[in-house]
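No gaps in the numbering here: position 283 of the sequence shown is 283 in full-length UniProt numbering, and each next residue is one more.
As structure tokens, the structure follows; a few thoughts come after it.
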Amino acid sequence: MVLQIFESLSPVHFLDRSARVFAHRTAIIDGLQRFTYAEFAKRSEALTGLLAARGILPGDRVAALCTNSHTMLELHQGVPMRGAVLVPLNIRLSEGELHYVLEHSGATVLVATGEFSALAARLGELAKIPVIHAETREYEAELAQSEPARLPVEDERSMIAINYTSGTTGRPKGVMYHHRGAYLQALAMAYHVNLRPDSQYLWTLPMFHCNGWCFPWAVTASGGTHICLRAVDPGEIWQRLREGVTHLSAAPTVLTMIAEHPQARGERLPRAVEVSTGGAPPTPTILRRMDALNMHVTHLYGLTETFGPAVVNEWQPEWNSLSETEVAELKARQGVANVIASPTRVVDLSGRDVPADGITIGELVMQGNDLMLGYYRDQEATDAAEIDGWFRTGDLSVMHPDGYVEVRDRLKDVIISGGENIASLEIERVLDSHPAVVESAVVSAPDEHWGEIPIAYVTVRSGQRVTAAELTDFVRSKIATFKAPRQVIFGPLPRTSTGKIQKNVLRRRIRNE
1 MVLQIFESLS PVHFLDRSAR VFAHRTAIID GLQRFTYAEF AKRSEALTGL LAARGILPGD
61 RVAALCTNSH TMLELHQGVP MRGAVLVPLN IRLSEGELHY VLEHSGATVL VATGEFSALA
121 ARLGELAKIP VIHAETREYE AELAQSEPAR LPVEDERSMI AINYTSGTTG RPKGVMYHHR
181 GAYLQALAMA YHVNLRPDSQ YLWTLPMFHC NGWCFPWAVT ASGGTHICLR AVDPGEIWQR
241 LREGVTHLSA APTVLTMIAE HPQARGERLP RAVEVSTGGA PPTPTILRRM DALNMHVTHL
301 YGLTETFGPA VVNEWQPEWN SLSETEVAEL KARQGVANVI ASPTRVVDLS GRDVPADGIT
361 IGELVMQGND LMLGYYRDQE ATDAAEIDGW FRTGDLSVMH PDGYVEVRDR LKDVIISGGE
421 NIASLEIERV LDSHPAVVES AVVSAPDEHW GEIPIAYVTV RSGQRVTAAE LTDFVRSKIA
481 TFKAPRQVIF GPLPRTSTGK IQKNVLRRRI RNE
């Protein structure tokens with residue numbers, strides 16, 4: 001007789017194992033607070049009882065307005081252990097936007113850390129839902145007295161979370177995550193960044209963003225230590241790096257903040273730090289600078305709809321013998337599907353694969369275990385995102401002969417000038433390679449003659465001086481002259497809560513000037 005006993009895949013099972021295997025190891029460092037894996041598990045299971053006492057049933061949505069904290073890590077465990085659905089809220093949204101997400105998701109309770117107690121109270125009144133103020137004496141007392149009310153995961157394809165997109169082109173869309181995808185994505189992340197029991201993972205990436213790329217579960221699976229960073233502070237990041245941090249994840253803009261900080265001057269960390277970056281393609285310039293600091297960057301690519309990184313720039317040992325410039329160029333590519341995803345494709349308008357020549361541009365499409373169930377309460381948007389059973393990313397890309405994908409631009413960011421397509425990323429890479437430039441963003445501006453023209457926004461490195469004419473000439477010396485920006489505007493760049501540059505804001509500025 002062959003036994004066929006299968007347990008539904010769920011990332012909450014990782015904590016069960018780590019609580020047994022690594023019971024006395026430090027699981028979480030949050031300021032002055034320390035929790036072992038045994039304590040982490042006990043608190044997470046007690047949270048299921050606290051939620052049950054508030055009437056939370058399987059399928060109910062539990063919203064979280066929390067910083068990177070032990071509370072947010074416990075919610076990632078306790079909410080799905082209760083069979084409920086976690087709705088992580090972007091802490092940098094406006095009150096009106098947060099109210100919309102609460103209403104749209106149908107959240108029945110809101111959990112907030114102390115930093116947001118006043119805002120949470122107002123949101124609770126607006127949405128007419130109760131608020132649980134975490135990290136208070138009352139909360140801790142209730143948690144200590146709560147008996148676990150955990151429920152088994154019956155269906156691994158059931159919802160574990162709803163993550164809302166940034167909403168740069170309209171209302172945010174609720175992306176439905178499932179237990180199976182979160183479980184497998186966590187394993188993929190642990191594998192690709194080489195997490196181990198002695199890993200010290202610094203939380204520079206917001207946990208509310210794509211469930212922190214599933215690292216709340218990945219670090220837990222490895223038995224490593226979560227080091228909570230409640231705000232992105234380059235000075236504190238450097239302090240933590242010197243104290244033994246081994247891993248962190250961040251957008252390229254955060255890497256720029258780290259590399260530009262005064263403590264980075266003349267510094268090379270004694271121990272290599274594994275850095276995973278995504279959200280925007282890192283330039284070869286920033287990759288070279290991070291490597292000089294002994295911070296090894298792995299480029300990951302994904303979207304909210306793919307549980308975060310679905311593509312990884314898998315490094316080939318043979319590439320180590322290449323020149324510094326060649327290495328940086330290869331590292332800037334997006335790469336290949338991670339170990340649990342289906343192979344990526346680049347297709348033309350009819351859905352046919354483009355030649356793998358590194359030249360022909362098409363749209364990157366995806367499929368696999370780490371793909372969303374769909375958009376919550378939005379079948380029209382779900383249908384629009386699909387082509388022949390594949391998810392449309394909206395990213396214009398090329399497929400290289402070795403099977404590695406390289407994103408050339410967002411479909412909405414391509415500049416069409418005089419009938420020619422201009423990739424904003426190509427111009428940005430050139431600008432960012434100038435020694436006086438920290439970072440840049442290139443967007444289109446309407447033009448009566450050309451239709452659209454490229455405009456560059458540039459942040460200049462402290463202590464450096466450069467003129468608009470000098471930067472324009474620099475671009476013309478590197479790429480086709482018609483791609484050079486017609487105007488260069490200096491100053492800080494607007495960002496999303498996850499560090500992405502907000503090109504939609506820059507486009508609005510141009511049209512309003």
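We put the beta carbon where it would ideally sit given N, CA and C, even for glycine.
Please tell me whether residue i and residue j are closer than 8 angstroms, where the distance is taken between their beta carbons.
{"i": "Ala64", "j": "Val87", "result": "yes"}
{"i": "Thr71", "j": "Ile91", "result": "no"}
{"i": "Leu73", "j": "Ile28", "result": "yes"}
{"i": "Met290", "j": "Val275", "result": "yes"}
Distance, Cα to Cα, residue i vs residue j?
{"i": "Ala385", "j": "Arg429", "result": "29 angstroms"}
{"i": "Lys483", "j": "Glu135", "result": "53 angstroms"}
{"i": "Leu9", "j": "Leu373", "result": "16 angstroms"}
{"i": "Leu184", "j": "Val438", "result": "37 angstroms"}
{"i": "Met295", "j": "Asp383", "result": "41 angstroms"}
{"i": "Glu326", "j": "Tyr376", "result": "43 angstroms"}
{"i": "Val365", "j": "Thr298", "result": "21 angstroms"}
{"i": "Val311", "j": "Trp319", "result": "19 angstroms"}
{"i": "Pro282", "j": "Ala272", "result": "19 angstroms"}
{"i": "Thr168", "j": "Gln145", "result": "The predicted model places Thr168 with a pLDDT of 48, which falls under 50 and marks its position as unreliable; any figure quoted below should be read in that light. Whole-angstrom Cα-Cα distance: 43 angstroms."}
{"i": "Phe215", "j": "Arg408", "result": "27 angstroms"}
{"i": "Ile422", "j": "Ala186", "result": "37 angstroms"}
{"i": "Glu267", "j": "Leu293", "result": "6 angstroms"}
{"i": "Leu98", "j": "Leu123", "result": "8 angstroms"}
{"i": "Gly31", "j": "Val354", "result": "51 angstroms"}
{"i": "Glu39", "j": "Glu45", "result": "10 angstroms"}
{"i": "Thr360", "j": "Leu303", "result": "23 angstroms"}
{"i": "Lys500", "j": "Ala280", "result": "7 angstroms"}
{"i": "Tyr201", "j": "Val193", "result": "11 angstroms"}
{"i": "Ala19", "j": "Leu57", "result": "25 angstroms"}
{"i": "Ser222", "j": "Ser69", "result": "19 angstroms"}
{"i": "Phe6", "j": "Gly394", "result": "37 angstroms"}
Within the 8 angstroms Cβ cut-off, does residue i reach chain D?
{"i": "Glu236", "result": "Here there is only one protein chain, and chain D is not present."}
Is DSSP giving residue i helix, strand or coil here?
{"i": "Thr496", "result": "coil"}
{"i": "Val57", "result": "At residue 57 the sequence reads Leu, which differs from the Val that was named. Residue state, collapsed to three classes: coil."}
{"i": "Val238", "result": "Correcting the residue identity first, residue 238 is Trp in this sequence and not Val. Note: Trp238 maps to helix in three-state DSSP."}
{"i": "Ser424", "result": "helix"}
{"i": "Met159", "result": "strand"}
{"i": "Pro11", "result": "coil"}
{"i": "Gly78", "result": "helix"}
{"i": "Thr225", "result": "strand"}
{"i": "Trp390", "result": "strand"}
{"i": "Met295", "result": "strand"}
{"i": "Tyr404", "result": "coil"}
What are the start and end residues of the beta strand (DSSP E) that includes residue i?
{"i": "Glu267", "result": "Premise fails: Glu267 is in no beta strand (DSSP E) and is neither H nor E."}
{"i": "Glu363", "result": "Gly362 to Met366"}
{"i": "Met372", "result": "Taken as a continuous stretch (DSSP letters only), Met372 belongs to no beta strand (DSSP E), as it is neither H nor E."}
{"i": "Ala310", "result": "Gly308 to Val312"}
{"i": "Glu142", "result": "Looking at the DSSP string, Glu142 is not in any beta strand (DSSP E); the run it does join, the alpha helix (DSSP H), is Arg137 to Gln145."}
Using CA coordinates, which residue listed in the options is at the minimum distance from residue i?
{"i": "Met189", "options": "Ser249, Glu406 and Leu123", "result": "Ser249"}
{"i": "Thr108", "options": "Asn294, Phe40 and Val85", "result": "Val85"}
{"i": "Asp388", "options": "Asp409, Ile427, Asp348 and Glu97", "result": "Asp348"}
{"i": "Pro494", "options": "Arg508, Pro485 and Thr481", "result": "Arg508"}
{"i": "Tyr191", "options": "Phe40, Val339, His226 and Ser397", "result": "Val339"}
{"i": "Pro485", "options": "Ile427, Pro58 and Ala259", "result": "Ile427"}
{"i": "Gly78", "options": "Leu50, Gly181, Asp447 and Thr26", "result": "Leu50"}
{"i": "Val12", "options": "Arg25, Arg333 and Pro80", "result": "Pro80"}
{"i": "Val21", "options": "Ala53, Ala149, Arg34 and Gly224", "result": "Gly224"}
{"i": "Asp233", "options": "Ile455, Gln263, Leu396 and His209", "result": "Gln263"}
Considering just the uninterrupted stretch of the alpha helix (DSSP H) at residue i, what are its terminal residues?
{"i": "Pro252", "result": "Pro252 to Glu260"}
{"i": "Gly451", "result": "Note, Gly451: premise wrong, no alpha helix (DSSP H); beta strand (DSSP E) at Gly451 to Val460."}
{"i": "Thr26", "result": "Here Thr26 belongs to no alpha helix (DSSP H); instead the beta strand (DSSP E) covers Thr26 to Asp30."}
{"i": "Leu184", "result": "His179 to His192"}
May I ask you to check if the CB of residue i is nearer than 7 angstroms to at least one heavy atom of the ligand HEM?
{"i": "Asn504", "result": "This structure does not include the ligand HEM; it has no bound ligands of any sort."}
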